[in-house]
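What follows is a set of notes on a single structure, which appears directly below.
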Amino acid sequence: MTHWKKNFDYKFTGAYELQPGEEKTVIIDRTTHEDVKSQDGKTQNCFVAYFKGDLKPMVLNKTNCKTISKLYGPFIENWIGKAITIKAENVKAFGEMVEALRIKNVMPVIAQVDYTQQISDLRKCTTLIELQKVYTGLSRDAQSFCVNVKDEMKTKLFPKQ
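Take my numbering: the last position of the sequence shown gets the number 162, and nothing is skipped along the way.
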């Protein structure tokens, strides 16, 4: 099913990204503060989480930060590399019921996959074309896991002048 909001280019992920009842487990790649424009056009500085993989970043409100804190402690530096499960929930906000993203208060179990060979293959590349070929030949999960190695090698093979 396609949510109507998918017809617009939103910078941040929202409940519309999930199918009804769907949950998505993601790995926190980094957190930062960013100016975010609200629906009424006002700009507000928000706390944002970026994830490994292709899910757009998510604005973290206090409710979601408290949940992550229950899972991994209060220090945001300890949240990096940790898995969280995102779900959509109906919540009361601004006098009406709206769909909102929530972090599930359960530590997800993620099967650990060994990408040692894929990392080694990327590090052996001697040209950008070879790097591109090796990287695009990886599975989507391997690409998500190895993206930093790919970027490191890209910089090494093609340093900025």
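Heads up, the beta-carbon is just placed ideally off N, CA and C, and yes, glycines get one too.
DSSP-derived helix/strand/coil call for residue i
{"i": "Ile77", "result": "helix"}
{"i": "Gln45", "result": "strand"}
{"i": "Asn8", "result": "Annotation note: pLDDT 48 at Asn8 (below 50); position unreliable, coordinate value reported separately. DSSP places Asn8 in helix when its eight states are reduced to three."}
{"i": "Leu123", "result": "helix"}
{"i": "Tyr1", "result": "An answer regarding residue 1 cannot be provided, because it is not within the stretch 2 to 162 covered by the chain."}
{"i": "Phe159", "result": "coil"}
{"i": "Asp36", "result": "strand"}
{"i": "Val150", "result": "helix"}
{"i": "Lys88", "result": "strand"}
{"i": "Asp115", "result": "coil"}
{"i": "Glu23", "result": "coil"}
Between the CA atoms of residue j and residue i - distance to the nearest angstrom
{"i": "Phe159", "j": "Val135", "result": "16 Å"}
{"i": "Val37", "j": "Gln45", "result": "5 Å"}
{"i": "Lys151", "j": "Leu19", "result": "29 Å"}
{"i": "Cys147", "j": "Lys25", "result": "20 Å"}
{"i": "Asp115", "j": "Gly82", "result": "15 Å"}
{"i": "Gln40", "j": "His34", "result": "19 Å"}
{"i": "Thr117", "j": "Ala143", "result": "10 Å"}
{"i": "Thr137", "j": "Met98", "result": "43 Å"}
{"i": "Asn65", "j": "Gly22", "result": "18 Å"}
{"i": "Val60", "j": "Ile111", "result": "23 Å"}
{"i": "Lys43", "j": "Cys126", "result": "47 Å"}
Residue i, buried or exposed, once every other Cβ within 10 Å from all chains shown has been counted against 16
{"i": "Glu78", "result": "exposed"}
{"i": "Phe52", "result": "buried"}
{"i": "Gln157", "result": "In the sequence as presented, Gln is not what sits at residue 157; that position holds Lys. Classification of Lys157: exposed, given that the 10 Å Cβ count is below 16."}
{"i": "Leu129", "result": "exposed"}
{"i": "Asn149", "result": "exposed"}
{"i": "Ile87", "result": "buried"}
Check whether residue i and residue j have beta carbons under 8 Å apart
{"i": "Leu139", "j": "Met154", "result": "no"}
{"i": "Phe95", "j": "Pro58", "result": "no"}
{"i": "Gly54", "j": "Val92", "result": "no"}
{"i": "Ile29", "j": "Ile85", "result": "yes"}
{"i": "Val49", "j": "Thr32", "result": "yes"}
{"i": "Leu123", "j": "Gly15", "result": "no"}
Quiz item: Okay, do the region 61-81 and the region 97-108 touch, 3+ Cβ pairs below 8 Å being the bar?
Solution: yes
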